[in-house]
Amino acid sequence: MSKAITLQEFIMDTQAQFPFVSGQLTRLLTDIGVAAKIVNHQVNRAGLAGILGASGSQNTHDEDQQKLDVFADRTFMRILTAGKSVAGIGSEEQENYILCGDEGRQGKYVVMIDPLDGSSNIDVNVSIGTIFSIYRRITPLGEPLKDKDFLQPGSDQVVAGYIHYGSSTMLVYTTGSGVNGFTLDPAVGEFFLSHPQMAFPDSGTIYSINDALIDSSPEAVKRFIVGCREATGAGLKARYIGSLVTDFHRNLIKGGIYLYPSTTSNGQGKLRLTYECNPLAFIAQQAGGTAEDNAGDILTKQPKHLHERSPFYVGSVNMVHGLRSCWLDTEKTG
Ligand code: AHM
Ligand code: MG
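Numbers in this note's numbering are just positions in the sequence shown, counted from 1, shifted up by 1059.
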């Protein structure tokens, strides 16, 4: 029987793939794995621990209760800032960038993170996730970090990943050499390599969109969805959890497309470019899929601010290209 590979072993074995290896990125990835286990523990006992509900209340031990998303944010912040590899963090839960140490003078990396995504599903025991992305700093070491260190296009990502708190908990990540998935064995508290070299099927049978948005979405999206509905005889089906990580993860394994369109009331959609769309776009690309906004490849988009929103279409390459054809058709025919 072959030996199971732990996340830690995998990170160590593959660190030679990183150019200019100094051990900082290895340490950082390891820290994310540790934070994932802590958050997972709270997610699993959420109903028992009385951790759901408004923050500011106290539990039976007179400890301050935190909402799960606040807890996840604090956990990742605490662990990432303690590790010395991170110069700054951009988080969905924080209005401004967090500068680590001495105004971000130390640490080679910048982390963008959505600590607990799928907020509407947190209180109802439905799968949720963490999404993260790592960039090299642009500003030289020793200088304070600047906005440009955080606002890098998705194509400059060094690492992207997600943690999926589902029926089992998985950590999936890429360092730009394919995508690998690790499943947490709760009995031993270790992530083990369970899904090596994950790949989007070129086509799939699943389309994932919030149906309530379709009428107010762009004509190209409407046409694409009409096409999907007409193809139900060919096995197409709608599946939408409303947790981005969960919808993405299912489509990655089974083949499909996820759409969060711009609408008449939200011209840039809902999802955030830097810590929701870009990490999943990089993973999709590395898994043989692709991701676009209304104009094309999302990874080349220059972010303008931390919480910028973007329309997002991601998944199996033939399906995303099918949507692109609808954009081209609507440009021609109006
Ligand atoms: P959140 O960051 O507040 O959790 O919002 C992001 C979530 C995604 O996980 C999910 O795909 C989407 O919002 C669902 O939005 P909607 O309820 O509008 O369909
Ligand atoms: Mg989110």
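Where a beta carbon is used, it is the ideal one built from N, C-alpha and C, also for glycine.
- Residue 1171 sits in a strand when the DSSP states are folded into three classes.
- In chain order, the residues that have a beta carbon nearer than 6 Å to some heavy atom of the ligand MG are 1151, 1173, 1176 and 1335.
- Counting of Cβ neighbours within 10 angstroms places residue 1337 among the buried residues, the total reaching 16 or more.
- Following the DSSP letters along the chain, one finds residue 1357 in no beta strand (DSSP E), marked with neither H nor E.
- Residue side-chain check: residue 1269 places its Cβ nearer than 6 Å to a non-hydrogen atom of the ligand AHM.
- Under a 10 Å Cβ-count criterion, residue 1359 is classified as exposed, with fewer than 16 other Cβ atoms of the shown protein chains found around its own Cβ.
- If you check the C-beta of residue 1374 against the ligand AHM, you find no heavy atom less than 6 Å away.
- Closest in alpha carbon position to residue 1195, among 1146, 1347 and 1378, is 1146.
- The residue from 1365, 1361, 1297 and 1241 with its alpha-carbon nearest to that of residue 1068 is 1241.
- Taken atom to atom, the span from the alpha-carbon of residue 1076 to that of residue 1288 is near 43 Å.
- Counting along the chain, the unbroken alpha helix (DSSP H) around residue 1311 starts and ends at 1303-1313.
- Contact between the segment 1129-1143 and the segment 1085-1099 is present: three or more C-beta pairs spanning the two stretches fall below 8 Å.
- In the assembly as shown, residue 1062 is an exposed residue. Its beta-carbon has fewer than 16 other beta-carbons within 10 Å.
- The secondary-structure analysis by DSSP pairs residue 1191 across a beta bridge with 1172 and 1220.
- Between residue 1344 and the set 1188, 1235 and 1154, the nearest pair of CA atoms involves 1235.
- Straight-line measurement puts the Cα of residue 1189 at about 19 Å from the Cα of residue 1106.
- Looking at the backbone, the Cα of residue 1174 and that of residue 1239 are separated by about 20 Å.
- About 20 Å separates the Cβ atoms of residue 1316 and residue 1325, ruling out a contact at the 8 Å cut-off.
- Within 6 Å of the C-beta of residue 1092 there is not a single heavy atom belonging to the ligand AHM.
- Counting the other CB atoms within 10 Å of its CB gives residue 1210 a total of 16 or more, which places it among the buried residues.
- Around the C-beta of residue 1321, 16 or more other C-beta atoms lie within 10 Å, and the residue is accordingly described as buried.
- The three-state reading of DSSP puts residue 1268 in coil, since its state is none of H, G, I, E or B.
- Per DSSP, reduced to three states, the secondary structure at residue 1178 is helical.
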